[in-house]
Amino acid sequence: MKGFIFDLKSQGEKIKIVFKNKTQEKTIIKKFPPYFYLKKYDKAIETVPEIKEIKKEKKENQVLYKVIVDNPGSVIKLRKDLKEFEPIEANIPHVYRFLIDNNLYAMRMYEHNEEGVFEKVVDEKIKLKMASFDLEVYNKEGIPNAEKDAILMISYCDEKESRVFHWEKGKGSEKEMILDFLSKIKKEKIDVLTGYNSSGFDLPYLKKRCSVLGIELDLSKDGSPVNIKKGAFSTKADIFGLLHFDSYDGVAFLNKIGAMNIPKKDLESVYKEMFGKEKLDVEPWKIWRMWEEGGEELKTLIQYNKEDAIAAYEIAKELLPLYIEISKIIGLPIYEITRMSTSQMVEWILIREAIQKGMIIPNTPSEKEVKQRMMNGIKGGFVKQPEKGLHEKIAVCDFRSLYPTLIIAYNIDKTTYNKKCDDYNVSPKGHRFCKKPIGLIPKMLKELLEKRIEIKKQMKQFKEGTNDYKFFYYRQWALKIIANSSYGYMVYARAKWYSREAGESVTSWAREKIHETIKKAEEDGFKVLYTDTDSIFLKLGDKKTKEDVFNLVRKINKDLPEGMELEFEGYFPRGIFVSSKKGERAVKKKYALIREDGALEIKGFELVRRDWSNIAKETQRKVIKTILEQGSPEKAKEVVKKVINEIRERKINLKEFIIYTQIKRKVSSYEQQAPHVKAAKKLIKAGYKVKTGNILEYVIVQGSGSISDRAIPIQLIGNKKYDADYYINNQVLPAVMKIIREVGITEDELKYKGKQQGLNKWF
DNA sequence: TCCCAACGGGG
DNA sequence: GTGTACGTTGGGA
Numbered sequence: 005m006k007g008f009i010f011d012l013k014s015q016g017e018k019i020k021i022v023f024k025n026k027t028q029e030k031t032i033i034k035k036f037p038p039y040f041y042l043k044k045y046d047k048a049i050e051t052v053p054e055i056k057e058i059k060k061e062k063k064e065n066q067v068l069y070k071v072i073v074d075n076p077g078s079v080i081k082l083r084k085d086l087k088e089f090e091p092i093e094a095n096i097p098h099v100y101r102f103l104i105d106n107n108l109y110a111m112r113m114y115e116h117n118e119e120g121v122f123e124k125v126v127d128e129k130i131k132l133k134m135a136s137f138d139l140e141v142y143n144k145e146g147i148p149n150a151e152k153d154a155i156l157m158i159s160y161c162d163e164k165e166s167r168v169f170h171w172e173k174g175k176g177s178e179k180e181m182i183l184d185f186l187s188k189i190k191k192e193k194i195d196v197l198t199g200y201n202s203s204g205f206d207l208p209y210l211k212k213r214c215s216v217l218g219i220e221l222d223l224s225k226d227g228s229p230v231n232i233k234k235g236a237f238s239t240k241a242d243i244f245g246l247l248h249f250d251s252y253d254g255v256a257f258l259n260k261i262g263a264m265n266i267p268k269k270d271l272e273s274v275y276k277e278m279f280g281k282e283k284l285d286v287e288p289w290k291i292w293r294m295w296e297e298g299g300e301e302l303k304t305l306i307q308y309n310k311e312d313a314i315a316a317y318e319i320a321k322e323l324l325p326l327y328i329e330i331s332k333i334i335g336l337p338i339y340e341i342t343r344m345s346t347s348q349m350v351e352w353i354l355i356r357e358a359i360q361k362g363m364i365i366p367n368t369p370s371e372k373e374v375k376q377r378m379m380n381g382i383k384g385g386f387v388k389q390p391e392k393g394l395h396e397k398i399a400v401c402d403f404r405s406l407y408p409t410l411i412i413a414y415n416i417d418k419t420t421y422n423k424k425c426d427d428y429n430v431s432p433k434g435h436r437f438c439k440k441p442i443g444l445i446p447k448m449l450k451e452l453l454e455k456r457i458e459i460k461k462q463m464k465q466f467k468e469g470t471n472d473y474k475f476f477y478y479r480q481w482a483l484k485i486i487a488n489s490s491y492g493y494m495v496y497a498r499a500k501w502y503s504r505e506a507g508e509s510v511t512s513w514a515r516e517k518i519h520e521t522i523k524k525a526e527e528d529g530f531k532v533l534y535t536d537t538d539s540i541f542l543k544l545g546d547k548k549t550k551e552d553v554f555n556l557v558r559k560i561n562k563d564l565p566e567g568m569e570l571e572f573e574g575y576f577p578r579g580i581f582v583s584s585k586k587g588e589r590a591v592k593k594k595y596a597l598i599r600e601d602g603a604l605e606i607k608g609f610e611l612v613r614r615d616w617s618n619i620a621k622e623t624q625r626k627v628i629k630t631i632l633e634q635g636s637p638e639k640a641k642e643v644v645k646k647v648i649n650e651i652r653e654r655k656i657n658l659k660e661f662i663i664y665t666q667i668k669r670k671v672s673s674y675e676q677q678a679p680h681v682k683a684a685k686k687l688i689k690a691g692y693k694v695k696t697g698n699i700l701e702y703v704i705v706q707g708s709g710s711i712s713d714r715a716i717p718i719q720l721i722g723n724k725k726y727d728a729d730y731y732i733n734n735q736v737l738p739a740v741m742k743i744i745r746e747v748g749i750t751e752d753e754l755k756y757k758g759k760q761q762g763l764n765k766w767f
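If you use our numbering, the first sequence corresponds to residues 5 to 767, in order.
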């Protein structure tokens, strides 16, 4: 049968594999006894009951003792019990070890022949059937409690249909609804189940409700339960043989690697950002009431539930192909990939590479070592203070994959650092790296980048937007993501092949290159506005043209080592830069640019937190847009003045002044009397219940006392008036001053109505 | 400047 | 899992 390894798990001495293709699926069991190594040996070890066999083996000219045991759990036990014999390679999960030792890659195509051997075959597109779901639950008391709060509705969406399972008081029941939903999932034979934050909420909640109601939540391929793992920062849910892919994880991942820039990652914002479409939004604290009220309210809730599943499905559809490609590169199942940082991805590639070379896999550092590494920071890229203010005619150039190309060009790696050799490079930091043999990370990078060039060539044979094009697009993207993570890996505190020397050499060479670039640009008569690590912003003025920039780029590229390249990134008619020096080193990246087609690129200004009022966020956005589109600080001034005036004259809806803050613990246990804490106390005094997790909505009102004293919950607002001065001075002005200070406008100019005359022109 | 608390997604 | 943990920001001291 031809297919791919979709999922696998460890069972004692065996590995259970789900092997499938478009139409068929089978479970394969392989014997693979767990093992690890000891550096030292003593006869007494032979009597340890968990040990089945001990074999001598040579690795890197060292004699090692391979200890084969009865099950994976014994490895954990023995690596502690036998600590004095120096265990190594004793923390590689059993299924990973199975794949790596057998040179098998999950998600790649194999022919599983009659002898039970996996033979490589030509790679093919993998198609998986996916469905999404979303729950709405009863939440009268704030954060819903799965022990008692029922699921009210479950939406389902796949390629062909979307629908909502629901019940009402006196019509159907929660139990029937869940059973209907589960039988739908079974019937459709889906491979991938998705949702939005379904790891953190929907799946754990569904599991709990099933156990409360006495329903078996049977979604896996082998009867094993949905496995919920609660972590300190996130909860993960997995199902054997059915891939659970949380589209929120995907979005968070893309944000982290900089492939997306969505500061607020709730479903509505993400959906709008990705597809440009609005979806219905319902404020969560209204859900229980809408359900109880029935009628039109209930209909709205059902529609919301339905749209959530559709949105989650569409997002997952965009991201899953990327994960499939990453999975093929790393060779581990998608499920594992979705939970990994890019550093961990790099590490698994290196482990494969090292094992093939017969190297010993270094142990992961101790927590003490990790802390030490973290405290000992590495100097990063060079940032030239921006010339603050508004500028016109800006050209931006950047080095293509600067860090990866440096790592290859100078063979920067832990394994090439300070070794004996005749031919080497010395970094500006003074560290020596041998030119040969090629290091682990440089080798990985070379292969990834070469592969990417080849894939991009193939991609260009197809029309953009076609399925063939997309297939290659995702593949080259996956290669790029991993290549770009190589520097991060070197300086990742938990890395097995961590190297401070390698890391600081990469950044020192990078600083050298950007300094050389600045020098050449200035020699050519360009004004350098700003540089950051690998990019340079040039002001063209009246004398320079785009053509001059192209010439400069060509000139610089002639002198760069092989593989390195400066590229023209874009032309921007206008931009605002803010210099915010933090200490001597770090400069926060804050700028806003407008492209020729009117698209805005904003970095570092975003006010996305819910503890800023709408009026502040909205005004800031308007100001940036006005300055960039019209190029006039005066126009921006008008915008702010108008808003301030409207606040003073109370022309703006109270809603715009609400500040949202979540109560994260018991109200009585707060030490600091922050505004939201005081507001919560007022609510309690008035007879309301305030539970952990509730989001408080409050407004700062006129009166005496501290800001906290004047934080009034929206429920108790009555006819109290918002404090115009507070919103002007502590919300709107701080938000907009970040920007317009740089174009020469002072706070006073905005704040006061000014002297008697001449003002009316603003209003 | 340092340190701590809050925040994130979901209802 | 061959387990136990993030990264950033704002405000107050």
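Think of the CB as a built atom: it goes at the ideal place given N, C-alpha and C, for glycine as much as any other residue.
Beta-carbon separation (whole angstroms), residue i vs residue j, contact threshold 8 Å
| i | j | result |
| --- | --- | --- |
| phenylalanine 437 | threonine 409 | In fact, because the Cβ distance is near 15 Å, the residues do not count as touching under 8 Å. |
| arginine 498 | valine 350 | Between valine 350 and arginine 498 the Cβ distance is about 12 Å, and since that is not below 8 Å, they are no contact. |
| alanine 690 | leucine 720 | 6 Å |
| isoleucine 398 | phenylalanine 572 | Actually they are not in contact, since the Cβ atoms of isoleucine 398 and phenylalanine 572 sit about 12 Å apart, beyond 8 Å. |
| threonine 511 | glycine 385 | 6 Å |
| alanine 316 | serine 251 | 5 Å |
| isoleucine 445 | serine 490 | 5 Å |
| leucine 406 | alanine 514 | 6 Å |
Reduced DSSP secondary structure (H/G/I, E/B, other) of residue i
| i | result |
| --- | --- |
| leucine 68 | strand |
| arginine 379 | Note that residue 379 corresponds to methionine in the displayed sequence, not to arginine. DSSP places methionine 379 in helix when its eight states are reduced to three. |
| leucine 210 | helix |
| glycine 635 | coil |
| leucine 326 | helix |
| glutamate 588 | Caution applies to glutamate 588, whose pLDDT of 38 falls short of 50 and renders its modelled position unreliable; the model cannot decide the point. |
| tryptophan 766 | With a pLDDT of 25 at tryptophan 766, under the threshold of 50, the modelled position of this residue cannot be trusted; read the value that follows with caution. Three-state DSSP puts tryptophan 766 in a helix. |
| isoleucine 130 | coil |
| glycine 507 | helix |
| isoleucine 96 | coil |
| glutamate 61 | strand |
| tyrosine 421 | strand |
| isoleucine 338 | helix |
| isoleucine 648 | helix |
| glutamate 119 | coil |
Option nearest residue i by Cα separation, candidates the options
| i | options | result |
| --- | --- | --- |
| leucine 305 | Glu650, Glu172, Lys450 | Glu172 |
| isoleucine 194 | Ala603, Ala413, Asn25 | Asn25 |
| leucine 247 | Ser617, Val22, Val736 | Val22 |
| phenylalanine 102 | Ile359, Thr51, Phe89, Ile319 | Ile359 |
| isoleucine 411 | Pro565, Ile619, Phe466 | Pro565 |
| valine 740 | Ile667, Val582, Thr665, Val705 | Val582 |
| lysine 99 | Phe169, Lys13, Glu178, Lys56 | It is worth fixing the name first, because residue 99 is valine in this sequence and not lysine. When each option's Cα is compared against that of valine 99, the closest is Lys13. |
| lysine 461 | Tyr692, Met448, Asp546, Arg479 | Arg479 |
| glutamate 751 | Leu323, Val52, Lys641, Thr239 | Lys641 |
| valine 553 | Lys562, Glu569, Asp528 | Asp528 |
Paired residues, beta bridge with residue i - DSSP
| i | result |
| --- | --- |
| alanine 135 | Asp162, Leu197 |
| tyrosine 595 | Phe581, Lys607 |
| tyrosine 428 | Cys438 |
| tyrosine 664 | Glu701 |
| proline 91 | Leu42 |
| methionine 157 | Glu140, His170 |
| methionine 113 | Phe8 |
| tyrosine 534 | Phe541 |
| glycine 574 | Val400 |
| isoleucine 21 | Leu12, Ile32 |
| alanine 715 | Ile704 |
| lysine 175 | Glu172 |
| glycine 393 | Phe581 |
| valine 73 | Ile55 |
Practice prompt. Give, in chain order, every unbroken run of the beta strand (DSSP E) that is at least 3 residues long and sits entirely within the segment 220 to 305.
Written response: 231 to 234, 239 to 242, 247 to 250
Worksheet item: Going along the chain, which unbroken runs of the alpha helix (DSSP H) with 4 or more residues stay wholly within the segment 435 to 520?
Response: 444 to 463, 471 to 487, 490 to 494
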